[in-house]
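Heads up, the thing below is written out as structure tokens.
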Amino acid sequence: MASTVQITPESQTMVLNMGPQHPSTHGVLRVILELDGEIVLKAEPVIGYLHTGIEKNFEKLTYSQCIPLTDRMDYLANLSNNLGYCLAVEKLAGIEVPKRAQYIRVLLTELTRIQSHLVWLGTHAIDLGAMSVFLYCFREREEILKIFELVSGQRMMTSYFRIGGLALEPPPTYLEQISKFLDAFPGHLAEYEDLLTENPIWKLRTQGVAVLKLEDAIAMGVSGPSLRGSGSDYDVRKYFPYSSYEEFDFNVPVQTAGDVYARYQCRLAEMRESVKICRQAMQKIPPQGPFRAEVRGLIPPSREEMKTSIEGLIYHFKIWTEGITPPPGEVYQAIESPRGEIGFYVCSDGSNRPYRVKVRAPSFVNLQALPKLVVGKLIADVVASIGTIDIVLGEVDR
Amino acid sequence: MESEQQNSPLAVRKLKERDPQGITEVVYLRGEATVVLPRNRLLSACEFLKNDPELKFDFLSDITPVDRFPIEPRFEVNYHLVSLSRRERLRLKVRVTTKDPAVPTVTGVWPTANWHEREAWDLMGVRFEGHPNLTRILMPDDWEGHPHRKDYPVEGYR
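Line by line, the protein sequences are chains G and V. Per this note's numbering, the very first residue in the first sequence carries number 1; after that it's consecutive. Per this note's numbering, the very first residue in the second sequence carries number 1; after that it's consecutive.
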């Protein structure tokens with residue numbers, strides 16, 4: 001974490017240490033800023049304060065024990081992370097997930113996207129001085145968390161997706177709850193837009209601020225809404241469809257201005273698209289059917305089978321004690337998390353524990369582009385720039 | 001063999017055409033293509049893949065080092081590339097030994113490699129020759145050892 005920012009007694013510049021304890025860094029991020037008056041000459045993000053060795057821990061756990069750790073990386077997009085990891089292991093082991101489970105996965109990950117964007121919008125607005133938006137966003141987010149609690153028993157660390165499908169059959173009322181939320185939500189979105197979109201102060205603080213050019217964004221590997229605000233339509237859901245996304249009809253919102261305002265518009269439009277996807281998923285989900293694949297030796301048998309057949313009992317104990325053993329090999333599975341492309345590289349040596357798991361964390365890569373956003377600009381816009389790339393430090397440091 | 005040639009992705013065919021000796025092996029698994037390269041051919045292959053007007057692998061997703069301890073060559077470095085225009089993925093793989101765990105940097109081709117390579121150095125101890133600032137990124141500066149190596153205990157050395 002050695003700094004490249006150096007000053008000498010003769011230099012006319014000032015070095016300002018922002019963070020690691022700073023409310024608008026959304027975690028423990030430290031940025032070393034070299035300033036000439038109010039202009040930022042150099043910015044260097046310093047990370048690693050939340051490093052917990054999650055990737056190393058994966059190697060000591062069985063494949064299904066790893067799932068709870070994925071929640072804890074990006075704690076705002078828990079179900080997206082579950083999905084990415086499960087898809088990677090399923091690809092490695094060659095498991096086909098039943099359609100019903102795939103649609104429920106899509107439904108819940110899109111709710112996760114809305115929920116994560118709501119936290120982003122609330123905290124980003126509060127960073128820029130719009131206090132009330134925060135309260136409204138968290139009001140709606142609470143509804144989504146209640147849905148998660150209903151379905152999985154947990155509000156944030158859901159671990160609801162398992163290898164081969166879902167952890168358990170969702171409760172009978174979940175679709176009702178979700179549809180109630182989806183009916184109300186577009187109206188709430190309009191409320192946020194009323195507060196911000198045409199607000200002159202909001203526009204002054206966001207338009208033309210922290211501009212990221214398209215070629216810079218691609219060169220820096222930026223993905224997700226931060227990239228689409230600069231003009232690319234790269235969305236993993238469209239480019240490399242997974243979990244039946246190819247059957248859904250939705251648009252990928254793209255803006256070309258590349259500033260904070262463009263990324264704000266992208267994320268708001270994305271929430272609308274997510275509502276659309278959720279509605280379609282609810283139509284597609286068959287009321288009955290398996291919520292988990294049935295593969296001998298890879299997926300735990302159902303409770304009934306475990307209790308009524310000796311073979312089921314054997315496999316139940318075998319899978320829950322020894323774990324599953326995918327064939328040797330390596331896969332890379334990327335999905336579109338709220339922050340961008342999250343990729344899971346899973347490597348197996350044929351044993352019951354992953355040989356190596358590497359996570360391509362979108363926050364980590366997007367944060368690298370921060371100097372491009374702030375250098376040569378005013379220090380007052382640094383907070384807006386950190387907010388607009390939507391980082392979660394738990395995922396940056398893993 | 002002929003049919004495999006027909007089905008192999010354009011990128012693999014073009015890489016083979018360009019430099020038949022520059023590819024050690026091509027592996028297809030679960031619909032993913034992996035091209036194994038010798039270390040000295042990596043940089044030119046990367047530049048070719050990025051700049052070829054037909055291929056345009058302009059997006060580097062990730063750099064993933066793997067420790068195969070105690071097998072030699074011990075370290076694998078995987079590069080996950082995306083071609084946004086062709087909607088295609090490709091993995092490049094380079095193997096290096098314990099004695100000389102060094103790979104040329106690709107920061108000149110994809111600037112995003114900067115932090116990925118720093119992370120790989122920090123956690124796995126693979127050196128990237130020519131990197132502008134190869135320092136630790138996640139661990140503290142005075143940390144000893146590289147935690148993701150297989151001979152490094154999960155609990156640490158304490």
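A virtual CB, placed ideally from N, CA and C, is assigned to each residue, including glycine. For clarity, every value in this text was computed on a predicted model and none was experimentally measured.
Check	Outcome
Collapsed DSSP secondary structure at residue 95(V) in the structure displayed	strand
Proximal residues of chain V, C-beta to C-beta of residue 53(G) below 7 angstroms	147
Extent of the continuous alpha helix (DSSP H) to which residue 22(V) belongs	Residue 22(V) -> no alpha helix (DSSP H), and no H or E assigned at all.
Sub-7 angstroms separation of residue 40(G) and residue 374(G) beta-carbons	yes
Contact the stretch 237–245 of chain G vs the stretch 197–207 of chain G: 3+ CB pairs below 8 angstroms	no
Cβ pair residue 115(V), residue 368(G) closer than 7 angstroms	yes
Residue from 36(G), 109(G), 47(G), 13(G) whose Cα sits closest to the Cα of residue 20(G)	47(G)
For residue 332(G), the residue or residues it bridges with in DSSP	345(G)
Counted within 10 angstroms of its Cβ, other Cβ atoms place residue 265(G) as buried (16 or more) or exposed	buried
Residue(s) in a DSSP beta bridge with residue 298(G)	Answer by DSSP bridge pairing: none, since residue 298(G) is not bridged.
Under the three-state DSSP convention, the category residue 80(V) falls into	strand
Beta-ladder partner(s) of residue 59(V), from DSSP	82(V)
Cβ-Cβ distance between residue 67(G) and residue 82(G) below 7 angstroms	yes
C-beta contact flag for residue 348(G) and residue 329(G) at 7 angstroms	yes
Same chain only: Cβ atoms within 8 angstroms of residue 281(G), ignoring 5 sequence neighbours per side	103, 104, 106, 107, 110, 248
Secondary structure of residue 358(G), DSSP reduced to three states	strand
Sub-7 angstroms separation of residue 150(V) and residue 67(V) beta-carbons	yes
Boundaries (first-last residue) of the alpha helix (DSSP H) holding residue 195(G)	174–196
Alpha carbon of residue 75(V) to alpha carbon of residue 98(V), nearest angstrom	7 angstroms
Secondary structure, beta strand (DSSP E): runs of 3+ residues fully inside the stretch 14–99 of chain G	14–18, 30–36, 39–46
Given residue 157(G) as reference, the closest of 114(G), 13(G), 263(G), 73(G) once Cα atoms are compared	73(G)
Distance cut-off 6 angstroms: residue 13(V) Cβ against heavy atoms of the ligand FMN	Of the ligands one can find in the structure shown there are none, so the ligand FMN has no counterpart to examine.
Identity of the residue in 335(G), 392(G), 75(G) nearest residue 154(G) by Cα	75(G)
N-terminal and C-terminal residue of the beta strand (DSSP E) that residue 339(G) is part of	Counting along the chain, residue 339(G) falls outside any beta strand (DSSP E), and DSSP gives it neither H nor E.
Neighbour list for residue 232(G) in chain V, Cβ cutoff strictly below 8 angstroms	84
Extent of the continuous alpha helix (DSSP H) to which residue 103(V) belongs	Element bounds for residue 103(V): not the alpha helix (DSSP H) but the beta strand (DSSP E), 102–104.
Among 377(G), 357(G), 371(G), 333(G), nearest to residue 80(G) - alpha-carbon criterion	333(G)
The stretch 191–219 of chain G: positions lying closer than 8 angstroms to chain V by Cβ	218, 219
Contact under 7 angstroms by Cβ, residue 292(G) with residue 208(G)	no
Interface flag, residue 64(V) vs chain G, CB-CB below 7 angstroms	yes
Stretch pair the stretch 73–88 of chain V + the stretch 110–130 of chain V: three plus CB contacts closer than 8 angstroms	yes
contact_flag[the stretch 173–182 of chain G, the stretch 335–346 of chain G] where n(CB pairs < 8 angstroms) is 3 or more	no
Residue 35(V): first and last residue of the uninterrupted beta strand (DSSP E) it sits in	32–37
Stretch pair the stretch 128–143 of chain G + the stretch 210–220 of chain G: three plus CB contacts closer than 8 angstroms	no
For residue 29(V) and residue 87(G), the rounded distance between their alpha carbons	15 angstroms
Meets three-Cβ-pair contact criterion under 8 angstroms: the stretch 49–57 of chain V and the stretch 349–356 of chain G	no
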